[in-house]
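Peer 1:
There are 2 protein chains.
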Amino acid sequence: MTRKADRDQIRRQNRSIVLQALRRNGPMARIDLGQMTRLSPATVTAITSDLLDQGLILSLESEEPKAPLARGRPRTLLKLNPEAVYTIGVRLAVNTIDLSLVDFAGEVVREIRTRFDTATADADSFPDALVTAIRQFLQEAGIGTNRVREIGVAAQGVVETETGMVAWSPAFAGRKIPIVGPLHDAFGAECYISNDTNMITEALHWSDPNRYSGTFAVIMLDYGVGMGLYLNNQLFSGASGTAAEFGHANHVPGGALCRCGKKGCLEAYLSDYALVRAASHLPEDTDPITIRAGVSGLARLIELAGSGDSDACKAFHEAGRVLGYGLARVIAMIDPKRVVLTGAAMRAFAFMEKGMWEGLEEALVADLRNNFSLDVMPWNEDFIRSGLIAQSMERLDKDFLGSASAKGSARPDSKELIA
Amino acid sequence: MTRKADRDQIRRQNRSIVLQALRRNGPMARIDLGQMTRLSPATVTAITSDLLDQGLILSLESEEPKAPLARGRPRTLLKLNPEAVYTIGVRLAVNTIDLSLVDFAGEVVREIRTRFDTATADADSFPDALVTAIRQFLQEAGIGTNRVREIGVAAQGVVETETGMVAWSPAFAGRKIPIVGPLHDAFGAECYISNDTNMITEALHWSDPNRYSGTFAVIMLDYGVGMGLYLNNQLFSGASGTAAEFGHANHVPGGALCRCGKKGCLEAYLSDYALVRAASHLPEDTDPITIRAGVSGLARLIELAGSGDSDACKAFHEAGRVLGYGLARVIAMIDPKRVVLTGAAMRAFAFMEKGMWEGLEEALVADLRNNFSLDVMPWNEDFIRSGLIAQSMERLDKDFLGSASAKGSARPDSKELIA
DNA sequence: AACTTTTTTTCGGACACCAAAAAAAATAAC
DNA sequence: GTTATTTTTTTTGGTGTCCGAAAAAAAGTT
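These protein sequence lines map, in sequence, to chains P and R.
The first sequence begins at 1 in the numbering used here and counts up one residue at a time.
The second sequence begins at 1001 in the numbering used here and counts up one residue at a time.
(1) Are there 16 or more other CB atoms within 10 angstroms of the CB of R/Ala1070, so buried, or fewer, so exposed?
(2) Which stretch, first to last residue, makes up the alpha helix (DSSP H) that contains P/Trp168?
(3) Give, in chain order, every unbroken run of the alpha helix (DSSP H) that is at least 4 residues long and sits entirely within the stretch 1287 to 1313 of chain R.
(4) With C-beta atoms as the reference, is P/Ile177 less than 8 Å away from P/Ala123?
(5) Is there a Cβ of chain R sitting closer than 8 Å to that of P/Ile17, yes or no?
(6) Determine whether the beta carbon atoms of R/Ala1171 and R/Leu1092 lie at a separation below 8 Å.
(7) What does a CB cutoff of less than 6 Å around R/Ser1100 pick up in its chain, not counting 5 residues either side in sequence?
(8) Taking R/Pro1336 as the reference, give the member of R/Asn1380, R/Phe1372, R/Lys1079, R/Pro1209 with the closest Cα.
(9) Tell whether a beta-carbon distance below 8 Å holds between R/Val1159 and R/Thr1242.
(10) Could you name the residues of chain P that R/Ile1334 contacts, counting a contact when the two beta carbons are closer than 8 Å?
(11) Looking only at its own chain, which residues have a Cβ that is under 6 Å from the Cβ of R/Arg1277, when we skip the five neighbours before and after it?
(12) Would you decide whether R/Gln1156 is buried or exposed? Buried here means 16 or more other CB atoms lie within 10 Å of its CB.
(13) Starting from R/Arg1347, trace the beta strand (DSSP E) in both directions and tell me its first and last residue.
(14) At the 8 Å Cβ level, is R/Asp1196 part of the contact set with chain P, yes or no?
(15) Have a look at P/Arg369, P/Gly152, P/Ser169 and flag the residue whose alpha-carbon is nearest the alpha-carbon of P/Glu190.
(16) Residues of chain R with CB closer than 9 Å to the CB of P/Thr45, please, in chain order.
(17) Between R/Trp1379, R/Asp1196, R/Gly1181, which has its C-alpha nearest R/Gly1387's C-alpha?
(18) On a CA-only basis, which of R/Met1199, R/Ala1249, R/Ala1256 is nearest R/Ala1328? Give me that one, please.
(19) Within its chain, find whatever has a CB closer than 8 Å to the CB of R/Glu1318; leave out the 5 residues flanking it on each side and keep chain order.
(20) Run through DSSP, which three-state label would R/Glu1190 get?
(21) Whole angstroms is fine: what's the gap from R/Thr1045's alpha carbon to R/Arg1023's?
(22) Run through the DSSP bridge pairs and tell me what R/Ala1029 is partnered with.
(23) Give me the DSSP bridge partner(s) of R/Glu1150.
(24) Where does the unbroken beta strand (DSSP E) through R/Arg1113 begin, and where does it stop?
(25) Can you pull the chain R neighbours of P/Gly261, defined as C-beta to C-beta under 7 Å?
(26) Mind the definition here: the stretch 1296 to 1311 of chain R touches the stretch 1244 to 1260 of chain R only if three or more C-beta pairs lie below 8 Å; say whether that holds.
(27) Against chain R, which members of the stretch 161 to 185 of chain P pass a CB distance test of less than 8 Å?
(28) Compute the Euclidean distance between the alpha carbons of R/Tyr1325 and R/Glu1362, then round it to the nearest angstrom.
(29) State whether the stretch 1203 to 1221 of chain R contacts the stretch 1334 to 1352 of chain R, with contact taken as three or more CB pairs (one from each stretch) at a distance under 8 Å.
(30) Under 7 Å Cβ-Cβ, which residues of chain R neighbour P/Asp6?
(31) Any C-beta of chain R within less than 9 Å: which residues of the stretch 309 to 331 of chain P qualify?
(32) Relative to the C-alpha of R/Glu1083, which candidate in R/Thr1096, R/Asp1098, R/Asp1103 has its C-alpha closest?
(33) Going straight from the alpha carbon of P/Arg149 to that of R/Ile1193, what length do you get?
(34) Indicate whether P/Leu266 and P/Val322 have their beta-carbon atoms separated by less than 8 Å.
(35) Per DSSP, which residues does P/Ser280 bridge with? Please list them.
(36) Using 8 Å as the cut-off, can you tell me whether the stretch 12 to 26 of chain P makes contact with the stretch 44 to 61 of chain P, which would need three or more C-beta pairs spanning the two stretches below that distance?
Spelled out as structure tokens, the structure:
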């Protein structure tokens, strides 16, 4: 049953809305906040005054408001206080840990890329290594752990959001690597872990909510095959957090050998190693591990196709057909308004497109097929970080409103949150 | 961005909660309502007094409250006023229209099954026929159209919730049959249309919210193959309302001929005609229309399998394997906590089960496979009606609170809603 | 210096909630 | 048969949040 509603809920929600408005539109005057949020001027004053007291926002008086020298009382701009609180974004990929320190305004204050050895990383060794890396990162930044409110992690592979573990991933030798638990214990911050494609999805929604909202799917062809789902206006990650495992959904029963050990997964037809395997006329049951492909192997194949090499072209065309079939299954199951294709392999989209539409047409009845738009998006690794930031900020804007100011205390300069 | 919150929202939500509590638990005293909703006794009195004024609930004074003769002021039970408003549930299937008149307490007041000719039903003729049937039904029931607040429709096949049309369905000869528009125009009531398996999903959630909530999937094997998805605690029907088209998701590229005209759909391996086709050694490209199977053909096949017929057994076993593959794809994509299998074909589940687990194991890597429970549910046609009712009642409980009582007017017996 | 314009704040009212007190309506005790 | 006890319901008064309107503030304009 729905929960009961009370005043507290109103306050939180409206406060959250004000923060969201400031986050999206930068420094704003109260009157504009009122227009944007549809709250009355009186209410805006009340809320912002509270947020100022809490140190979550700042008044921008001193600085020149680049005013067009209009008549009337000049507007005083308000902005988020960047130093109110910090979050950390962590991206885990093969041999790589990317760390970002992000302030409350969503700006990346500091970032670093460190290396680790994927081949030996397992549940025993990796969590400690990660904690150490973050600790050092914070120390160098001069930010105390107590000022870090959240840590968001994005990892390649199968991520169990619920248990906070990486079930298995190309980035790790071992399985079931616990991440959330160790980080929470070490830093006391709230910690979340997600699949990396989910973060791309989140980033798209943040960057253009008009276009990317409601129900849409993101398919990433890169090192492996990933998917992110935005359903009914929220990121969907399933009951245990491993939803959208597009890459390991079966395409052909008993088909090509996949990195996961099963036969016929979509990944076994679409990913780097699959393309190289097909273009080199290696048998379908060639062990993916023995195929040294990666993003560089993919690049070579794209070059070949560009110069008209028929094996390469055929491999891409066939992969396109498989993609079309995969797309068809996603559409049948999810009925998205839009599908976004991205990832390093999108540079080869021209060689796949024809096959893709063929596959889609073969696989799906027209009534279901004609109701979606397709975006092809050039790949940018920063999307993952953007998604982590978007998600963290969204959570902050919603969660930060628990212990509001005590009564109408006559505005003591109580910057508890900063102190 | 989130909408602003105000008092109105609180009032609606709490009123809705009170109605929901009464709906679920039958007649209750105010004090129990308070406990259940966590609203204070004072608030419960205020809200219920308003609802009484509006005629949405009734006080059960006269009747013996089967009191265990306790001390203290006796509790006065409150219950929903059945006559406050009515809804109509419509089930559209092959040659069949089922109509139910449901009162505000969720009781079926009257029901009727009428026949129509599927073979000639198209966008021109059917809507009028449906309106006529409903009009007559209401007349016989002696309920004015103005007392009908909602009409919920469930149809087999591909239903576009957004446009309010049946895109195509075994129940109709034509395509794109408009339903919501004509009904709304004719009766002025809010009208909704859904896929029938979605209604089963809704019914399961209503009947046991503890077990069926969060993220789960329902697969129905019957005349055709249907799916319903409950994701993040709400029914999911996709951007245009045609999500969960499990039956027409491709299983094998270029495979068996499906009723939809495409090759290799899951339905072409799992449905009534597919089973008969396989058991009779007909070629895979035999046109489904020429195969007279239906539920009766299925029943015969089940009998055969029961008596050890090897063709029938093999057909079921193979269908089981396909089901396992389909299941694997659903799990990879959706990661449900639970999957429910139902439909007339479940009587044959014993013959399919082994194959199903085989298929699932072949198709999906273990890490993704072991996180769900499977329910096999004996089929009951009434589920669809239950789902329609559950959905309607849920909507009523939420929407009915727009124009609350005018101020603290000293309780005039204003039964506007009934009048 | 007075007027106009625009933004922000203050003030008082409305309303939905709640806690506590009061009222109501029964049984139990004497 | 009256009083006490118990339990439910209602009433009263208080709090917090929002809002509209009025007031105040802070500029430019005349």
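By construction, the Cβ of each residue, glycine as well, lies at the ideal position given by its N, Cα and C atoms.
Peer 2: On the basis of the supplied data:
(1) Locating residue 1070 of chain R in the second sequence gives position 70, where the first residue counts as 1. Classification for R/Ala1070: exposed.
(2) Within the first sequence, the letter at position 168 stands for residue 168 of chain P. Annotation: P/Trp168 is outside any alpha helix (DSSP H); the continuous beta strand (DSSP E) that includes it extends over 165 to 168.
(3) If we require 4 residues or more, the alpha helix (DSSP H) runs fully inside the stretch 1287 to 1313 of chain R come out as 1294 to 1306.
(4) Sequence index remark: in the first sequence, residue 177 of chain P carries index 177 (1-based). Sequence index remark: in the first sequence, residue 123 of chain P carries index 123 (1-based). Contact: yes.
(5) For the purposes of this step, residue 17 of chain P is taken as the residue at position 17 of the first sequence. True, the Cβ-Cβ gap to chain R drops below 8 Å.
(6) Locating residue 1171 of chain R in the second sequence gives position 171, where the first residue counts as 1. Locating residue 1092 of chain R in the second sequence gives position 92, where the first residue counts as 1. Yes.
(7) In the second sequence, counting from the first residue as 1, residue 1100 of chain R sits at position 100. Gly1089, Val1108, Glu1111, Arg1385.
(8) Position 336 of the second sequence, counted from the start, is the residue given in the question as residue 1336 of chain R. Measuring from the Cα of R/Pro1336, the nearest candidate turns out to be R/Phe1372.
(9) To locate residue 1159 of chain R, count along the second sequence from 1; it is residue 159. To locate residue 1242 of chain R, count along the second sequence from 1; it is residue 242. Yes. Within cutoff.
(10) Your numbering for residue 1334 of chain R matches position 334 in the second sequence. Simply Gly238, Ala243, Met333.
(11) As a position in the second sequence, residue 1277 of chain R is number 277, starting the count at 1. So the qualifying residues of the chain are Thr1286, Ile1291.
(12) By 1-based counting over the second sequence, the position of residue 1156 of chain R is 156. By the 10 Å Cβ count, R/Gln1156 comes out buried.
(13) To locate residue 1347 of chain R, count along the second sequence from 1; it is residue 347. No beta strand (DSSP E) holds R/Arg1347; DSSP gives it neither H nor E.
(14) Walking along the second sequence from the start, residue 1196 of chain R turns up at place 196. For R/Asp1196, the answer is no, since every Cβ of chain P falls outside 8 Å of its Cβ.
(15) Translated into positions along the first sequence, residue 190 of chain P becomes position 190. Of the candidates P/Arg369, P/Gly152, P/Ser169, the one whose C-alpha sits nearest the C-alpha of P/Glu190 is P/Gly152.
(16) Taking the first residue of the first sequence as 1, we reach residue 45 of chain P at position 45. Within chain R, no residue comes near P/Thr45; the closest Cβ sits about 15 Å away, beyond 9 Å.
(17) Counted from its first residue, the second sequence places residue 1387 of chain R at position 387. Cα-wise, what sits closest to R/Gly1387 is R/Asp1196.
(18) Stepping through the second sequence from its first residue, residue 1328 of chain R is reached at position 328. Comparing Cα-Cα distances from R/Ala1328 to each of R/Met1199, R/Ala1249, R/Ala1256, the minimum goes to R/Ala1249.
(19) Along the second sequence, one-based indexing puts residue 1318 of chain R at 318. Taken in chain order, the residues that qualify are Tyr1269, Ala1278, Gly1355.
(20) For the purposes of this step, residue 1190 of chain R is identified with residue 190 of the second sequence, where counting begins at 1. Note: R/Glu1190 maps to strand in three-state DSSP.
(21) Taking the second sequence and counting its residues from 1, the one referred to as residue 1045 of chain R is at position 45. Taking the second sequence and counting its residues from 1, the one referred to as residue 1023 of chain R is at position 23. If I take the Cα positions, the gap works out to 18 Å.
(22) Indexing the second sequence from 1 puts residue 1029 of chain R at position 29. According to DSSP, R/Ala1029 bridges with R/Leu1077.
(23) As a working mapping, residue 1150 of chain R is identified with position 150 in the second sequence. DSSP lists R/Thr1087, R/Glu1190 as partners of R/Glu1150.
(24) Against the second sequence, residue 1113 of chain R aligns to sequence position 113. Where R/Arg1113 is concerned, the enclosing beta strand (DSSP E) stretches over 1108 to 1115.
(25) Residue 261 of chain P sits at position 261 when you count from the first residue of the first sequence. Those are Val1365, listed as they occur along chain R.
(26) no
(27) Ala167, Trp168, Arg175
(28) Here residue 1325 of chain R refers to the residue found at position 325 of the second sequence. Here residue 1362 of chain R refers to the residue found at position 362 of the second sequence. So the two alpha carbons sit approximately 8 Å from each other.
(29) yes
(30) The sequence position of residue 6 of chain P within the first sequence is 6, counting from 1. Result: Ile1010.
(31) Arg321, Val322, Tyr325, Ala328, Arg329, Val330, Ile331
(32) Here residue 1083 of chain R refers to the residue found at position 83 when the second sequence is read from its first residue. It is R/Asp1103 whose Cα lies nearest to the Cα of R/Glu1083.
(33) Residue numbering aside, residue 149 of chain P sits at position 149 when the first sequence is read from its first letter. Residue numbering aside, residue 1193 of chain R sits at position 193 when the second sequence is read from its first letter. Each residue's alpha carbon lies about 45 Å from the other.
(34) Mapped onto the first sequence, residue 266 of chain P falls at position 266. Mapped onto the first sequence, residue 322 of chain P falls at position 322. In this structure, P/Val322 lies closer than 8 Å to P/Leu266 by Cβ.
(35) Position 280 of the first sequence, counted from the first residue, corresponds to residue 280 of chain P. P/Ser280 pairs with nothing; no bridge assigned.
(36) Output reads yes: the stretch 44 to 61 of chain P touches the stretch 12 to 26 of chain P.
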